[in-house]
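Colleague: Protein chains in written order, with the working numbering: chain L, 1 to 105; chain S, 1 to 311; chain F, 1 to 537; chain Z, 1 to 502; chain P, 1 to 169; chain B, 1 to 92.
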Amino acid sequence: MSAALLFWLAGSGLIGLSVYGLIVNPHPLCKLLALNLLGSGVFLLFGVIARRGASAGLGGDPVPQALVITGIVVAFSATAIAVALLLRLHTEAGEASIDEEDGQP
Amino acid sequence: METGFDIALALLLLCVGGWSVIARNMMTAVIVFIAYGLLLSLAWVRLHAIDVSLTEAAIGSGATGLLMVIAAHKVAGDTKRVVQLSRGFHVLAAVFAALVAVGIAALAFVLPGEPSSLAAPVLERLPDSGLGNPVAGVLFVFRSFDTLLEKVVLLLALIGVWALARDADWGGVPGLRLFRERHSVLTLLARTLPPIGFVFAIYMTWAGADVPGGAFQGGTVLAAMWILVMVAGVRRPPRISSPPLRLAIVAGPVVFLAIGFLGFLAPGAFLAYPEGFAKPLIVAMETALTLSIAVILGLLIAGPPKGEDAP
Amino acid sequence: MIFAIMAMILLPLAMALLLLSPALRPMVVRGLGLAPLPALLLPPAAWEGSISTVSFFGTWRYVLDQAGALLLGACALLWIIAGSAASRWLAGRGGQGRFALWWLLTLSGSLGVFVAGDVVSFYALYALASLPAYGLIAFGGGGAERRAGRVTIAAALIGEGLILAAMVLLAVNAPGQGLAIAPLVAALPSSPHCGAVIALLVIGFGLKIGLVPLHGWMPMSYAAGPLIATAVLSGATSKAGLIGLIRFLPLSEAMPVAGGMILAAGLVSALYGALLGLTQANPRSVLAYSSISQLGQMAAVLGAGLAAGAPGAGVIAAYYAVYHVLVKGGLFLWLGAQGRRIAAWQLGLVGFAALGFAGLPLTGGALGKLAFKDLAGTGATGMLFSFAAVGSTLLVLHFLRLARAPAQDPQPQPLSPAAWIAAVIAATLLQWTLFAAVTGDSARSALRPGALFDLAWPVAAGAALAWGLAALGTRLPAFPPGDIGERLIAIIERQATRIASAILRAETQAHQWQVSTLALAAALILFVALQTVFGPR
Amino acid sequence: MMPLQALAVTETTPGGSLLVLGIVMPAVALVALIGLGGRGARAIVIAALLFQLYVAVRVALLVAGTQSPLAYVVGGFHPPLGITLRADGISALMMVVSAAIFLAAAGFAWKDFAQPGGKPEARAPLIFWSAMLAMASALNLLFTSSDLFNLYVGIELLTFAAIPVTAIKGGADTLRAALRYLLFAVFGSMLYLFGIVLLYGAYGTLDISGIAAQLQPNAATLAAAGFVTVGLLAKTALFPFHLWLPPAHAGAPAAGSAVLSALVVKGSLFLLMRLWFDTFPTLREPADMQLLALSGALAVIVGSVTALRQQRLKLLVAYSTVAQIGYMFFVFSLAPKGTGEAIAATAWTGAWLQVVAHAFAKAGMFLAAGLAAEVLGHDRIRDLGGLSRRAPLAVLAFALSGLSLMGLPPSGGFNAKFMLLVAALAGGQWVWGAVIIAGGVLAGAYVFGVLARMMAEPAAGASLQAVGRGRQWIALGLSAVAVLMGLLPLEPVAFLAIGRAL
Amino acid sequence: MTGAVTQERGTATALLLRAALYFVFWVVLAGAGLKDLAAGLVTAVIAAWISLRLMPAGELAAKPGPVLALFVRFLWQSVVAGVTVARIALTPGMPLKPGMVEYRSSLPPGNRRFLFMTYASLLPGTLPTGTDGTDLIEVHVLDVDQPVAAQLAVEEARIAGVLADGAAP
Amino acid sequence: MADLFTILAVTAGAVLFLAGTVGLLRFPGTLARLHALTKVDNLGLGLVVLGLMPQMGFLAAAKMLAVWLLVQLSGAIVTQILARSVRGGGER
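#1: How should aspartate 132 of chain P be labelled, buried or exposed, when 16 other C-beta atoms within 10 angstroms of its C-beta is the threshold for buried?
#2: What did DSSP end up calling methionine 455 of chain Z once you bin it into helix, strand or coil?
#3: What are the residues that DSSP puts in a beta bridge with glutamate 95 of chain L?
#4: Just checking, does the segment 104 to 119 of chain F make contact with the segment 127 to 142 of chain F on the three C-beta pairs under 8 Å criterion?
#5: Have a look at leucine 169 of chain F and arginine 150 of chain F and give me their C-alpha separation to the nearest angstrom.
#6: Could you check which residue in S/Met225, S/Gly303, S/Ile282 and S/Leu257 has the C-alpha nearest to that of serine 74 of chain B?
#7: Hey, out of Z/Asp288, Z/Val435, Z/Val197 and Z/Leu384, whose CA is closest to glycine 461 of chain Z's CA?
#8: Are the C-beta atoms of valine 95 of chain S and some chain B residue less than 7 Å apart?
#9: Are the segment 232 to 246 of chain F and the segment 505 to 522 of chain F touching by the rule of at least three beta carbon pairs closer than 8 Å?
#10: Give the interface partners of glycine 433 of chain Z over in chain F, defined as CB-CB distance under 8 Å, in chain order.
#11: Which residues in the same chain as serine 53 of chain S place their Cβ atom closer than 7 Å to its Cβ, once the five residues preceding and following it in sequence are excluded?
#12: Got a sec: which bits of the segment 57 to 90 of chain Z sit with their beta carbon under 9 Å from any beta carbon on chain L, in order along the chain?
#13: Using 8 Å as the cut-off, can you tell me whether the segment 142 to 159 of chain Z makes contact with the segment 102 to 118 of chain Z, which would need three or more C-beta pairs spanning the two stretches below that distance?
#14: Please classify methionine 95 of chain Z: does DSSP put it in a helix, a strand, or coil?
#15: With 7 Å set as the bound, which would you pick, yes or no: does the beta-carbon of leucine 520 of chain F sit closer than that to a beta-carbon of chain S?
#16: Any idea what DSSP makes of glycine 303 of chain S, helix, strand or coil?
#17: To which residues of the same chain is isoleucine 343 of chain Z closer than 7 Å at the C-beta, ignoring the five residues directly before and after it?
#18: On the three-state DSSP scale, how would you describe tryptophan 129 of chain Z?
#19: Below 9 Å on C-beta distance, what does glutamine 72 of chain B contact in chain S?
#20: With a 10 Å radius around its C-beta and 16 neighbouring C-beta atoms as the bar for buried, classify histidine 378 of chain Z as buried or exposed.
#21: Can the beta-carbon of proline 28 of chain L be found closer than 7 Å to that of alanine 80 of chain L?
#22: Three-state secondary structure (DSSP) at threonine 129 of chain P?
#23: Do the CB positions of alanine 318 of chain Z and glycine 412 of chain Z come within less than 7 Å of each other?
#24: Note down, in chain order, every chain B residue with its Cβ under 9 Å from the Cβ of proline 98 of chain P.
#25: Excluding the 5 residues flanking aspartate 135 of chain P on each side, which residues of the same chain have their C-beta closer than 6 Å to its C-beta?
#26: Using a Cβ cut-off of 7 Å, pull out every chain B residue sitting near methionine 94 of chain P, in sequence order please.
#27: In the DSSP assignment, find the unbroken beta strand (DSSP E) run with glutamate 486 of chain F in it and report its ends.
#28: State yes or no: is the C-beta of isoleucine 23 of chain Z within less than 7 Å of the C-beta of asparagine 140 of chain Z?
#29: When DSSP builds the beta bridges, which residues end up paired with glutamate 275 of chain S?
#30: State the DSSP-derived secondary structure class of leucine 278 of chain F, mapped to helix, strand or coil.
#31: Mind checking which residues open and close the beta strand (DSSP E) that includes leucine 542 of chain Z?
#32: So, for proline 38 of chain F: in the same chain, excluding its five sequence neighbours on each side, which residues have a beta-carbon less than 7 Å away from its beta-carbon?
#33: Within 7 Å of any Cβ in chain S, is that where the Cβ of phenylalanine 46 of chain L sits?
#34: Between L/Gly16, L/Leu38, L/Ile49 and L/Leu14, which has its C-alpha nearest phenylalanine 109 of chain S's C-alpha?
#35: Given that proline 147 of chain P touches chain B, what residues does it touch there, using C-beta distances under 7 Å?
#36: Find the residues of chain P that neighbour proline 194 of chain S, judging by a C-beta separation of less than 7 Å, and give them in chain order.
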């Protein structure tokens, strides 16, 4: 088993885990965490694609690697805004829940 | 041996990631997530992506982790559950999530056999720019448009965070959501470490053109130093309306844009570098970016302005 | 002609815009009766060249033919008469700007629809004739008025939807033909969707003309709102449905099945309206049922025309409708003019005009009936038309009896009596003047004994029946206004509420975070699965 | 239907640099706004937005003049290594629409978000204008970029710009809405990003035409299409992924809501159309496209009924957006793949008319709703009485917008729905036709409900504030554009096919 | 710590000294290429300037001789500390009596005391857990029976001896 | 010779890491565990660094030494801060 395949499988698992967490975890911070995990899983899979493209003496295709770096920064920006929103919501409402009062599945 | 290590790492990633998803206590989840980030940067090393590894450690794990720790600390008391999910719903969610995972995993076996790669074209054209690090080449030469926009994204993240200030607090100092202490040995660290961190950060940026590293990683280290100084109370955070601060925020984007427009003049295309000047321009740009990134990251972590509250 | 058409449609709209200025508002209100004047320029033009067309912007096209011109002229007169009365009625009244706005919008659509020559214009003007009526009906703001307004607008909107479907199907059936009505309708009989289109048209326009069982809204609507508004709604805007049928049914093609069904539906309406009207205690409702009955007869005429492939049926139906426009409007105006005791001459004049609906000789209505005698035929159909006339007689007498009783709720500001008198006289004169032009026979033929007998016996029979019933003291059962239609509306309202609540509950569920995210995951899986199973290989 | 013209190598065309300027100049203004700390904010914003309009109009004229797309190779690096920008007919159209609506919204918000002269910079103006500029930039990027990752950055930028506008008022409800919006949108963009990952893995390029040229219906591509589509659906708020839209759009200031509803949701929709008609034209299989249309149909019905039952005006207008988005999704099933048939062209034109007409109508309607809230001090529908006295032009704007939303002629909304209906009925897709008609009926019901209230007498004791004529005229102007679009002939518009092999 | 071992007479001297130190660090990182050195020089000067902003010259000025001696002692203490704790950890019975001890410091609150605390935390068996505005330092120890306070007093004196009489903190 | 030194020093370092981990598990209370964590591991890291120094060039060795010193400094301070927050007085 190659490292690429292993990390592909790990990445898939991480995506699955985070999708589950994103759906069921009640607190927005947990959802945010799951989103970050989802992002990292996607990035990891991109890394595997990059690794598959190792050629010309490089250990990996530099284009996806560069894109992942941009992606990490974008994801961080989202996290920063989300945390700020969450904390302000916590101050305003005393509770940082994004559920609405009505409805039970 | 290596395969064994990879298997262990992959399993560990899954376990730790899963733990952070199911952990009951939010603080635990966040700390586990930080550990996960560090493991992930190891995985990136194994995937021969040192640049990504550094970025993941600095931003994905470090800065994100710090933000989440702050948040988890503040909202630790949230217990209200408006919506109670039934067990059946959990099972349903698990089934769908598993289907997604299995589907993606299965794709590994059906991806086209002949991997496509841009490694060769990148290497072929890299020498024109004078850079030695192909990832930096992609970021600052071939796809610098993405990188420019990414800087706009960062600015906007700052706007997004600042948007959450109260009107009365506008123009004040960031509310440093970390705990602040007066009589802490942290002040000693905050007085001694930053210059060293600064040297290290500049080194990372400087070296980023040729070896892994770059403005982002350097900027993060610098931001960490700045946060340390602010948290320890050695220096008050600046007012967000202060002109020098604003200048620092926009310095990187301004230089980037200026060089982009310069391209219209010299080789005749936006974001194209005049022949022979690529490297110096890129280094100048990266230096300015390091400063801006550091300031923006620091401000993002420090949070919206909170007015002149008691230290 | 183009200027007259544009002026006719745009002048009311421009006046409506002027209402925005508080300073000009009273002036506009005073000028309500002038707004329809440009329309009077048009009908004579139709008689010179019979059909003329103008078009602009590629899509928009206007046609003036005889059927349209007849209805246009009559409606314009009614709008002028009612508008002048409305100006007086509104003077010094609160909300006059609002009333004038809805009035002018309805007016523009109501007149414009008669000259619309392409499906888009027709659809637009038809909507303009239907939808602003809400504001007129619900003007008083009471609960019953608002409900009546709601029901009316719901019927109008649903009708709009069906008509749009019909129009699009027409366009689809004749690709590349443009959107003018005439060529699209000409292509209809050969289209595979012919039946569907005709069904959509009949239901859609049937809602407007109150074809049973789609009539429920009409008594409800005519019983609510100011009488001045009801006058134009019953007299003028209901004819938008009629012109729709005239324009869109392929009358030049003999379609026995479709025509027969429309004929049957029209006759059922005619008889049903007459019968159920007798059970009503409110004179307004009685007039509404009378409208159902009359419009049913017009639809029946068109049905007969379609069955036989008689292109002239449209003009004949329109000619018959002219009387209804002015007299039905006039009767409502009369109701609004009551305040004191009713003089005998009033009752006589009103009775004479109203019995025109039954075909009382010498009335304008009698001429209308004569005009379609050939189409009605002499067999069973003709007999049924005569029965409808008997019913109409009963209904009119019933109305007069009710109206003679002192109004329970006298209008605080009665309408000017000049209005209804003008309307009734105009109706009679118009019918006599136009008879020759429409039928080709001289007006004198209407005075032939045979014709007189044919017209008179149903009226006499109706009168005798009414006398008999009164003498026997028969009490007819009382039905709520709208009868089964009302019941139908109540059921629809209830079901609609239930469905809406169910949809709201579903929506509440769907915007739960966990449901939405789960749905996203499910959609992902479904999408990829579908791609994999059905996708290209 | 109409795949991209097969282009071996795209070269920069004359005027191509306008595309870069359209994206970069708002960013320059944004940087200046932040850097100068409130000094000259008015001049910067107005200059940027006017320039934006100039660029858009120039692009449209050039595209129309040459009857071929504009292109720009950024940095001189061709795909697959670099990024190209490309503006075809639909790009140019959307650029103009976007620039016009931004300018109108800015005019509307001009006084509310003015930096206090001579005093220190204030919060709301900086946030609002920065976000507006960023949205303008991001939208132009979405309309013109042909690199899938570049587009990813664009949709993220758009979201991050929309969030501050949503949250600017800062109440618990709006914050909650903004947080929902952010989390859900990021979920969507992660799915989109994974689709991109797969495409890169399969084709080694992220260029739209590059992928289209070598497209294979293999498993990776099919999965990629699924991920990309579903991710973008989350961002477009198609039912049942609309959970964030109503509270977010209702919570923003009126000018912000106008831009959010009129343009921002269209950004990801544009991308979705671009992908299915340009990147994966051969993958458009009926089963999947019917799924999209089904969601669209549900959106129309559920959104309209929910709008009908709202008690607050802004929420009603927001739910109407949920419904109107639904119509645009019929194009996927109404324009069958691989044909240049008249039906497909009709559906294509209908969908774009719907996008544009809804943009103007909804912008006008949100501005009118904002004025209503200002006059009355609340936006409860049952107490809207008196509005027609204080703000008659706003009521007129609402009515004209409503005309377009209902789909009554003459209006762009009618033209759009008519053409979609023609395509649906001609293609035998009766069900979608019925939904389009039912949606119009329901829209009529909610628009009339509101108008009737607006025309009613003021409630006893209501205090009505006066609002300026200028802003009423802006709302009216937007609505009027939606109505005037109804004067277009009811046939496929050639401009929309420029740059596509018809 | 680098700042602490700098002998400073004036701000200019301090700047030069610190810059030199950072420059060495740069060279260690980046190597000695010509361009690298030039960049390093600029970096080092800026770093020194930052350093002076954070900690003015003279605040922790030290005498070079004793500093060296203390450094050696520190290394040795590190070894002792590590070995001691490791031995305890590996001894089956685990001879351990953890507890808190209060120590009264003679150093004024501020950087000097922090320096001492940091140093103390590297000593065997002691871990300062905090101080406040008074002279009290709370120390966690692994064995409360040891004469910790006395040991700490000795070490404190050493620190005090190393530091020159600079500007008051 | 140098190799032998390396082996010895690195082994010793490893042993110390092990001891530190054992202490982390065995010691009672968080504060006692902090002792184990910092002091033992610092020495362990030092020994590993020391052991590896002869194996590499001058600059690399200097780099490693610098790393060790920085870890010492930040480790010592961070430990105290952790200790303080464990004692409960640290958070504002």
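All C-beta atoms in this analysis are idealised placements derived from N, C-alpha and C, irrespective of residue type, glycine included.
Modeller: In short:
#1: To locate residue 132 of chain P, count along the fifth sequence from 1; it is residue 132. Aspartate 132 of chain P is exposed by the Cβ-count criterion.
#2: Taking the fourth sequence and counting its residues from 1, the one referred to as residue 455 of chain Z is at position 455. When secondary structure is reduced to three states using DSSP, methionine 455 of chain Z falls in the helix class.
#3: Numbered from 1 along the first sequence, position 95 holds the residue referred to as residue 95 of chain L. Paired residues: none, contrary to the question.
#4: Judged by Cβ distances under 8 Å, the segment 104 to 119 of chain F makes contact with the segment 127 to 142 of chain F, as three or more pairs qualify.
#5: Translated into positions along the third sequence, residue 169 of chain F becomes position 169. Translated into positions along the third sequence, residue 150 of chain F becomes position 150. Rounded to the nearest angstrom, the two C-alpha atoms are 29 Å apart.
#6: Translated into positions along the sixth sequence, residue 74 of chain B becomes position 74. Of S/Met225, S/Gly303, S/Ile282 and S/Leu257, the residue nearest in Cα terms is S/Met225.
#7: Within the fourth sequence, residue 461 of chain Z is the residue found at index 461, counting from 1. Of the listed residues, the one whose Cα sits closest to glycine 461 of chain Z is Z/Leu384.
#8: On the second sequence, position 95 is the one that residue 95 of chain S refers to. Using a CB distance cut-off of 7 Å, valine 95 of chain S does not count as an interface residue toward chain B.
#9: Counting Cβ pairs under 8 Å, fewer than three are found: no touch.
#10: Along the fourth sequence, read from residue 1 onward, the residue named residue 433 of chain Z stands at position 433. Residues of chain F passing the Cβ test: Ala165 and Val168.
#11: Position 53 of the second sequence, counted from the start, is the residue given in the question as residue 53 of chain S. For serine 53 of chain S, same chain residues with a beta-carbon under 7 Å away, outside a window of 5 residues either side, are Ser41, Trp44 and Val45 in chain order.
#12: The segment 57 to 90 of chain Z vs chain L, Cβ under 9 Å: Pro80 and Leu81.
#13: In this structure the segment 142 to 159 of chain Z does not lie against the segment 102 to 118 of chain Z, because fewer than three pairs of beta carbons, one per stretch, are closer than 8 Å.
#14: The residue given as residue 95 of chain Z occupies position 95 in the fourth sequence. Helix.
#15: Counting from one through the third sequence, the residue named residue 520 of chain F turns up at place 520. Cβ-Cβ to chain S under 7 Å: no for leucine 520 of chain F.
#16: The count along the second sequence starts at 1 and reaches residue 303 of chain S at position 303. DSSP places glycine 303 of chain S in coil when its eight states are reduced to three.
#17: Against the fourth sequence, residue 343 of chain Z aligns to sequence position 343. The residues are Ala423, Ala426 and Gly427.
#18: Here residue 129 of chain Z corresponds to residue number 129 of the fourth sequence, with the count starting at 1. Looking at tryptophan 129 of chain Z - three-state DSSP - the assignment turns out to be helix.
#19: Taking the sixth sequence and counting its residues from 1, the one referred to as residue 72 of chain B is at position 72. The contacting residues do not exist; glutamine 72 of chain B stays about 12 Å from chain S at best.
#20: Counting from 1 along the fourth sequence, the entry for residue 378 of chain Z is found at position 378. Only exposed fits histidine 378 of chain Z, as fewer than 16 other CB atoms lie within 10 angstroms of its CB.
#21: Taking the first sequence and counting its residues from 1, the one referred to as residue 28 of chain L is at position 28. Taking the first sequence and counting its residues from 1, the one referred to as residue 80 of chain L is at position 80. The Cβ atoms of proline 28 of chain L and alanine 80 of chain L lie no closer than 7 Å to each other.
#22: Here the question's residue 129 of chain P lines up with position 129 in the fifth sequence. Threonine 129 of chain P: strand per DSSP, three-state reduction.
#23: Start at 1 with the first residue of the fourth sequence, and residue 318 of chain Z comes out as number 318. Start at 1 with the first residue of the fourth sequence, and residue 412 of chain Z comes out as number 412. No, the Cβ-Cβ distance between alanine 318 of chain Z and glycine 412 of chain Z is not below 7 Å.
#24: Indexing the fifth sequence from 1 puts residue 98 of chain P at position 98. Simply Phe27, Pro28, Gly29, Leu31, Ala32 and His35.
#25: Stepping through the fifth sequence from its first residue, residue 135 of chain P is reached at position 135. Counting only Cβ-Cβ distances below 6 Å, and skipping sequence neighbours, we find Arg104 and Ser105.
#26: Counting from 1 along the fifth sequence, the entry for residue 94 of chain P is found at position 94. Residues of chain B passing the Cβ test: Arg26.
#27: Counting from 1 along the third sequence, the entry for residue 486 of chain F is found at position 486. Per DSSP, glutamate 486 of chain F belongs to no beta strand (DSSP E); it is in the alpha helix (DSSP H), 483 to 510.
#28: For this step, residue 23 of chain Z is matched to residue 23 along the fourth sequence. For this step, residue 140 of chain Z is matched to residue 140 along the fourth sequence. A Cβ-Cβ contact shorter than 7 Å links isoleucine 23 of chain Z with asparagine 140 of chain Z.
#29: One-based indexing of the second sequence puts residue 275 of chain S at position 275. Per DSSP, none; premise fails for glutamate 275 of chain S.
#30: Translated into positions along the third sequence, residue 278 of chain F becomes position 278. It is coil, neither helix nor strand.
#31: For residue 542 of chain Z there is no data in the structure shown, the boundaries of chain Z being 1 and 502.
#32: Counted from its first residue, the third sequence places residue 38 of chain F at position 38. So the list reads Ala4, Ala7, Met8 and Leu11, once near-sequence residues are dropped.
#33: Locating residue 46 of chain L in the first sequence gives position 46, where the first residue counts as 1. By this cut-off, phenylalanine 46 of chain L is not an interface position.
#34: One-based indexing of the second sequence puts residue 109 of chain S at position 109. Phenylalanine 109 of chain S has its Cα closest to that of L/Ile49, out of L/Gly16, L/Leu38, L/Ile49 and L/Leu14.
#35: As a working mapping, residue 147 of chain P is identified with position 147 in the fifth sequence. For a Cβ distance threshold of 7 Å, nothing in chain B lies close to proline 147 of chain P: the least Cβ distance comes to about 18 Å.
#36: Against the second sequence, residue 194 of chain S aligns to sequence position 194. Correct list: Ile50 and Leu54.
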